[in-house]
Amino acid sequence: MVSNSDVIAYIAKKDEHEELIPRTKVKEYGNTALQPVFFDDELGKRLFYSWVCRALELGVKRISKSYLLGGCSWTLNEIRLDIYTFNDSINDRFIKNLLEETTRLLSQQLRAEKVEKNDLLQILKEKSEVLIYEVVKDNDSREFMIVKDDGNVSVCLDTCVEQSYDEAVLEYVNQSMVHWRGDEKSFLLTRLHIRAFPSKKAKDSQAELEREYSLRDHVILGRELDLFLTDPSVGAGLILWAPNGAIVRKLMEEFEYKLHLRHGYQPVVTPHLATSELFETSGHLSYYRENMYVFDHDGKTHVVKPMNCPFHILIFKRKKWSYKELPVRYFEFGTVYRYERAGTLHGLTRVRGLTQDDSHIFLRPDQIQEEIGRLLDLLRLMYSSYGINNYSFKLSLRDPNNQSKYIGSAELWEKAEKALEEALINHGIPFKKEYGEAAFYGPKIDIYLKDSLGDRKCCGTIQLDFNLPERFNITYVDQDNKEKRVVIIHRALIGSIERFLGILLEYYAGRLPLWLAPVQVALLPVDEHSEEQRSYTLRMREELINNGIRAEAMMEGRLQARVREARKLRIPLIVVIGEKELRTEEFEAQWIKYGVDEKGRYKPVEEKITVRGIRGLVEWIKEEVGRETHGIIK
RNA sequence: GCCGCCGUAGCUCAGCGGGUAGAGCGCCGGCCUUGUAAGCCGGAGGUCGCGGGUUCGAAACCCGCCGGCGGCUCCA
């Protein structure tokens, strides 16, 4: 692919080896095939940002010898420079000087060099860089790359390639405070958020991308499409669903409900409250209390449910089960409430009241592998109906150094962790292992989706649990007539309607597929004053609605203005009804779908479809909806 | 929860070294034979997030609370 993005470095391929080489040393590799690394590539950003971090750190030291470096990191959009300023506050002049100094350093030919860990620690000690000293000390590497300037040193913990830029653009964004090493009890560092580009051109194309992001912001889209709102008198993180949003939710529920019934699940319905006894048995009150809403009534403590599992377990427990009857799969759109700290809330993607597509599967240990396989298949089917294909898997395991966070024996945990890992491997699914990410009752497979800014958000989750079956003492009768312990799989495929819909809106820039659109068809008479056209439009609307299609007649005002309005509301089908259509009963609908241009920017795809009569339109829509949902919704 | 920023009409925002509110869109009314992304004219609409303080006087300054955004942390 041809890119006009800035070149950061080159990759030289020699035999099997790949080596990163600086632009300035290209000549030394005369005959070797060189592959450029662009700023637009993930690797390019990493190399560039990492180098700018070095220059920033050295820039800080040039301005103030008394500030301590606390490290420099980056996201896809910005660099964060952490410094400890003692009691100083950062003023505008410091920032201006820092950016000038750093820009100057970037234009110089700074050298990177290798040092042994012990030598580096010695240098840092001499320079009194006590924070960086700690970081290096705790790092397992034996060698580090450092950049020196004016007797100061900046340590690179990432891939280090020498660079220089005559036209680099640095921009101050804002500042915030962060705790040293993310520890809330620790002291605060000043974090400067800085954006950096190798050239003005790169900066401009970034600005364009950002316009695109704001276009996809699900909070803004929620307002524009009139889907949901919040109100301080209800409380933060509690969503009010307006009719359009309620329709989308209901569609998601209907779709999943039908899909689950087809896949061997049975519906259950459970209350939102329980006495604390239930959640004491489950262990939630010991391990999850800080997230729970707890209140007293009639001298008894009650809780608003933060999870559905204990309820499903009680339903399962109502009778004795034969080994032949397992697995039993209970399914519920369970609305749960969790106290999430105020600063973490955001739109639909992080809320306090959420509805999970929750299921608990009760099975024999020998059925685990197969069931996880079925779940992974179901997950793929479901996501593809939503048009989502880019998701990744994470295996969340317990923190081996902090066992007190979890219930159950180490033996059970090992068994559970191994079972999940094997299921993923057997299914050929790539995944990442992470320690300390498990639920308190068991390890899990988490499914991550990217939001419009590229941040990963956990949606689906498949959790294996040997612990709650013990706490609730649930068993089945095996072939040998002995009672055996069941295993529970907790799972939510889209996770929660709220978060998933938030991500869906960003993914589609608000242009949901036909089957999910709150209004599917806009009917527009050409002449708002023509009685004939008006009454035909209304009749058409009625007939569509009677066929389960969500149609709206837009009658008032100029046609062009109404077309614009229908487009703004992201209505997928726009049908204009004029004299010609009344005469021929042949309709043309403008079908507008989500699409992207070559740069990944939202660009609707338009198609004209022609149908005979109202019947023809009804059939066309039903067919398309059936196609999108794999025949689940017709 | 912690740190920083922010909160003016339904929406987007202007006004803010103190003298008690403005625009565009939307909404309502009227006019125009109106074929695929904004016709024209008029009108209504605001305890300036809430509570307290300073002041002769606060949307503006100070304090507290609520809510939002960006980080930290946490998570579906």
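Here the numbering used here is used: the first residue of the first sequence is 9, the next is one more, and so on. Glycine is no exception: its CB is placed at the ideal position from the N, C-alpha and C atoms.
Within the region 329-405, the runs of beta strand (DSSP E) that reach at least 3 residues and sit entirely inside it are, in chain order, 336-345, 361-371, 399-405. Residue pairing by DSSP puts G450 in a beta bridge opposite A447. For E422 and P408, the gap between their C-alpha atoms comes out near 11 Å.
By DSSP's assignment, L76 forms a beta bridge with Y92. Distance from the CA of A20 to the CA of E36, rounded to the nearest whole angstrom, comes to 11 Å.
The beta carbon of L229 lies closer than 6 Å to those of L513, G518 in the same chain, with the five residues before and after it left out. Note that the region 28-47 does not touch the region 66-84; fewer than 3 beta-carbon pairs, one per stretch, sit closer than 8 Å. The region 367-386 makes contact with the region 498-512: 3 or more CB pairs, one atom from each, lie closer than 8 Å. Taken through DSSP and simplified to helix, strand or coil, L229 comes out as helix. Beta bridge pairing from DSSP links M153 with K122, C164. Inclusion of G416 and F474 in the CB contact set at 8 Å is warranted, their separation being smaller than that value.
A distance of 8 Å or more separates the beta carbons of Q471 and N434.
Comparing C-alpha distances from I585 to each of I453, K33, K426, R570 shows the shortest one belongs to R570.
Annotation: P251 to E333 spans about 41 Å, alpha carbon to alpha carbon. E262 and V256 have their alpha carbons spaced roughly 10 Å apart. In the three-state reduction of the DSSP assignment, F205 falls in the strand class, which pools E and B. In the DSSP annotation of this structure, R31 is not part of any beta strand (DSSP E), being labelled neither H nor E. DSSP places R493 in the strand class (E or B) of the three-state scheme. The continuous alpha helix (DSSP H) containing T289 extends over residues 284-290. It is roughly 39 Å from the alpha-carbon of E142 to the alpha-carbon of D23. Taking the C-beta atoms as reference points, G291 is found no nearer than 8 Å to F480. Put simply, the backbone Cα of D14 is about 54 Å away from that of G272.
Take S81, set aside five residues on each side of it, and the residues of its chain with a beta-carbon closer than 6 Å to its own are R88, in chain order. According to DSSP, V583 shares a beta bridge with L531, A597.
If you draw a straight line from the Cα of F324 to the Cα of Y399, it comes to about 32 Å. Segment contact: the region 333-351 against the region 219-226, fewer than three CB-CB distances shorter than 8 Å; contact not assigned.
Ranked by Cα distance from I600, the options L248, N85, Y610, K441 are led by Y610. CA-CA distance, P438 to P451, rounds to 17 Å. Counting only runs of 4+ residues, the alpha helix (DSSP H) found wholly inside the region 511-559 occupies 539-554, in chain order.
With a 10 Å radius around the Cβ and a threshold of 16 neighbouring Cβ atoms, G79 comes out buried.
Apart from the 5 residues on each side of it in sequence, K465 sits with its Cβ closer than 7 Å to the Cβ of T357, Y456, L457, D459, R507, I511 in its chain, given in chain order. A straight line joining the alpha-carbon of V626 with that of R270 spans about 26 Å. The residue from P318, M260, D374, E218 with its alpha-carbon nearest to that of E288 is P318. If you check the CB distance, D157 and L118 come in under 8 Å. Take L405, set aside five residues on each side of it, and the residues of its chain with a beta-carbon closer than 8 Å to its own are E425, K441, E442, Y443, G444, E445, A446, P451, in chain order.
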